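Trainee: Number 235 in my numbering belongs to position 243 of the sequence shown; there are no gaps in the numbering.
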Amino acid sequence: MTISDKEKQALLGASAVLTRRKFLGAAGAGIIAAPALADTLADVPQRAPGPPVGPVSERSQYVHLDRVLEAAPGKLKVDLGLAINSKTPLDKLSGTITPSDMHYERSHSGSPDLDPAKHRLLIHGMTKKELVLSVDELRAMPSVSRIHFMECSGNGWENWKKADPGLTVQDTHGLVSMHEWTGVRLAYLMDLVGADPKSTWMLAEGGDAAGVARSIPLTDEILDEVFVAYAQNGEPLRPAHGFPIRLFVPGMEGNLSIKWLRRLKFGNQPTMTRWETDRYTQLLPSGKARQFQLYQEVNSVITAPSGTMRIRPGYNRITGLAWSGRGKIVKVEVSMDGGASWREARINAPVLHKAQVRFDADWTWDGKPTRIVSRATDDKGFVQPTREAFVAMMGENALFHYNAQQTWGIDTEGKVTNVLA
-7 MTISDKEKQA LLGASAVLTR RKFLGAAGAG IIAAPALADT LADVPQRAPG PPVGPVSERS
53 QYVHLDRVLE AAPGKLKVDL GLAINSKTPL DKLSGTITPS DMHYERSHSG SPDLDPAKHR
113 LLIHGMTKKE LVLSVDELRA MPSVSRIHFM ECSGNGWENW KKADPGLTVQ DTHGLVSMHE
173 WTGVRLAYLM DLVGADPKST WMLAEGGDAA GVARSIPLTD EILDEVFVAY AQNGEPLRPA
233 HGFPIRLFVP GMEGNLSIKW LRRLKFGNQP TMTRWETDRY TQLLPSGKAR QFQLYQEVNS
293 VITAPSGTMR IRPGYNRITG LAWSGRGKIV KVEVSMDGGA SWREARINAP VLHKAQVRFD
353 ADWTWDGKPT RIVSRATDDK GFVQPTREAF VAMMGENALF HYNAQQTWGI DTEGKVTNVL
413 A
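1. Using alpha carbons as the reference points, say which of 225, 219, 251, 246 lies closest to residue 231.
2. Thinking C-beta only, is residue 235 closer than 8 angstroms to residue 114?
3. Which residue's Cα is closest to the Cα of residue 77: 87, 63, 90?
4. Tell me which residue opens and which closes the alpha helix (DSSP H) that residue 180 is part of.
5. Do you know how far the Cα of residue 401 is from the Cα of residue 407?
6. For a quick check, are the C-beta atoms of residue 324 and residue 366 less than 8 angstroms apart?
7. Between the beta-carbon of residue 293 and the beta-carbon of residue 161, is there less than 8 angstroms?
8. Of the residues 373, 390, 393, 360, which one's Cα is nearest the Cα of residue 405?
9. What residue range does the alpha helix (DSSP H) around residue 381 cover?
10. Between which two residues does the alpha helix (DSSP H) containing residue 119 stretch?
11. In chain order, what residues of the same chain lie with their CB nearer than 7 angstroms to the CB of residue 345, ignoring the 5 residues before and after it?
12. Taking the C-alpha atoms as reference points, what is the distance between residue 98 and residue 199?
13. For residue 217, which beta-bridge partners are listed by DSSP?
14. Could you tell me the boundaries of the alpha helix (DSSP H) in which residue 404 lies?
15. So, with DSSP's three-state summary, where would you put residue 246?
16. Using a Cβ-Cβ distance cut-off of 8 angstroms, determine whether residue 300 contacts chain B.
17. For residue 83, collect the residues of the same chain with a Cβ closer than 7 angstroms to its Cβ; drop the 5 residues on either side in sequence, then sort them by chain order.
18. Is residue 370 helix, strand or coil when you go by DSSP?
19. Count Cβ pairs between the segment 178 to 196 and the segment 117 to 132 that sit closer than 8 angstroms; are there 3 or more?
20. Just the Cα atoms here: how many angstroms apart are residue 300 and residue 52?
21. Taking only three categories from DSSP, how would you classify residue 84?
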């Protein structure tokens, strides 16, 4: 195939526009782009047919998304048999919705793949009647679909006492993900069994080998928002995320959203399982332990530029995620001078209840060493604390619910590293 001189000029003109756009896109991402392999449309490979339509749409061979495995705080990229967590690649995702296979994973005894035809949910305790429900029966009930984030209470624990400069945002904040969840409201199930109004607590128990079980207070907020989920992002839950059913408790620590749910028991006091006595408690500076610290507090993190990335002097676009377990995000501020001054970032719609938002801000970097940081405010008036204020309140012996501001350092070469403020 040959083209005329006029067509060549048109292609060259178009490629010049694309080259400028490509440069702005690279600067906007805050990352030094790889050299272009085709500088004009004339150099782009010829059109060619691709593989036929298949049963599953795979990712492009040029897209590489992986979760990072973790054995304990500071023990990352471990062998599969040692891992207790796998973290979401926040630095490689766009928007706010997490692909189902990139949802972070936390398990205490592996992920059973339960037969939905055999699985059952028992609902009993302070009720007029007991019910044993099949998965099909649950799926036949009136359903709700809601977009919420889920976060492990251990998210951020990498930076509690020290900052490894080689960490990425996936390493520091990868235990949070967001999806559309579908299921049956807890309030509907409580009506079916005639739950006693004097019942103030609910025990939720999972079907995994560890027998994870948590006591959940039956507040008005819980009754209004909690549901038994069977779908995630339009598909059945995956085994690692609770297939065939799980409890979903929006805005609260992920361990409450019991996976492989098999029992709900209503009562008038907490059961005090090992998961709320020995585990998931906080040792405070006073020496006392805090129990039932359930909310995931207001939080944010800059995802680009972030740890191990490189930027160029000149225009850069700062972008990140913000969320709160108490409500909506109403404001995100960013600082390009280590917190000495702040300016408000743009928040991209939609802004939903107990959901992550994407924020961004324009920045012209002068090439001098600096630090960038974000802080979020929710509609209940909670503001993300500095690390100094957070540690003063919680001390350094705790492990969970770390929501201090995340700081990234930038040196004269544009290298971005994880630092403590």
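Built from N, CA and C at the ideal position, the CB exists for glycine as well.
Fair warning: this is a prediction, and the values are worked out from it, not measured in the lab.
Mentor: This is what the structure gives:
1. Counted from its first residue, the sequence shown places residue 231 at position 239. With distances taken between Cα atoms, residue 231 lies closest to 251.
2. Along the sequence shown, one-based indexing puts residue 114 at 122. Along the sequence shown, one-based indexing puts residue 235 at 243. No; because the gap between Cβ atoms is not below 8 angstroms, this pair is not in contact.
3. Start at 1 with the first residue of the sequence shown, and residue 77 comes out as number 85. If we check each option's Cα against that of residue 77, 63 comes out closest.
4. Counted from its first residue, the sequence shown places residue 180 at position 188. Start and end: 178 to 185.
5. As a position in the sequence shown, residue 407 is number 415, starting the count at 1. As a position in the sequence shown, residue 401 is number 409, starting the count at 1. Each residue's Cα considered, the two are about 8 angstroms apart.
6. Mapped onto the sequence shown, residue 324 falls at position 332. Mapped onto the sequence shown, residue 366 falls at position 374. The answer is yes: Cβ separation under 8 angstroms.
7. Translated into positions along the sequence shown, residue 293 becomes position 301. Translated into positions along the sequence shown, residue 161 becomes position 169. A contact, by the Cβ cut-off of 8 angstroms.
8. Residue 405 sits at position 413 when you count from the first residue of the sequence shown. For the residues 373, 390, 393, 360, the minimum Cα distance to residue 405 belongs to 360.
9. By one-based count along the sequence shown, residue 381 stands at place 389. Element bounds for residue 381: 379 to 386.
10. In the sequence shown, residue 119 corresponds to position 127, counting from 1. Residue 119 -> no alpha helix (DSSP H), and no H or E assigned at all.
11. Here residue 345 is taken as the residue at index 353 of the sequence shown, counted from 1. The answer, listed in chain order, is 319, 320.
12. Position 106 of the sequence shown, counted from the start, is the residue given in the question as residue 98. Position 207 of the sequence shown, counted from the start, is the residue given in the question as residue 199. Approximately 15 angstroms between the Cα atoms of the pair.
13. For the purposes of this step, residue 217 is taken as residue 225 along the sequence shown, with counting starting at 1. DSSP, once it has assigned bridges, lists no residue as partnering residue 217.
14. Your numbering for residue 404 matches position 412 in the sequence shown. Counting along the chain, residue 404 falls outside any alpha helix (DSSP H), and DSSP gives it neither H nor E.
15. The residue labelled residue 246 in the question sits at position 254 within the sequence shown. Note: residue 246 maps to helix in three-state DSSP.
16. Reference to chain B is not applicable here, since this structure consists of a single protein chain.
17. The residue given as residue 83 occupies position 91 in the sequence shown. Cβ neighbours of residue 83 beyond the five flanking positions: 160, 161, 162, 295, 296, 298.
18. For this step, residue 370 is matched to residue 378 along the sequence shown. Residue state, collapsed to three classes: strand.
19. yes
20. Within the sequence shown, residue 300 is the residue found at index 308, counting from 1. Within the sequence shown, residue 52 is the residue found at index 60, counting from 1. Going by the C-alpha atoms only, they are around 24 angstroms apart.
21. Position 92 of the sequence shown holds residue 84. If DSSP states are grouped into helix, strand and coil, residue 84 belongs with the helices.
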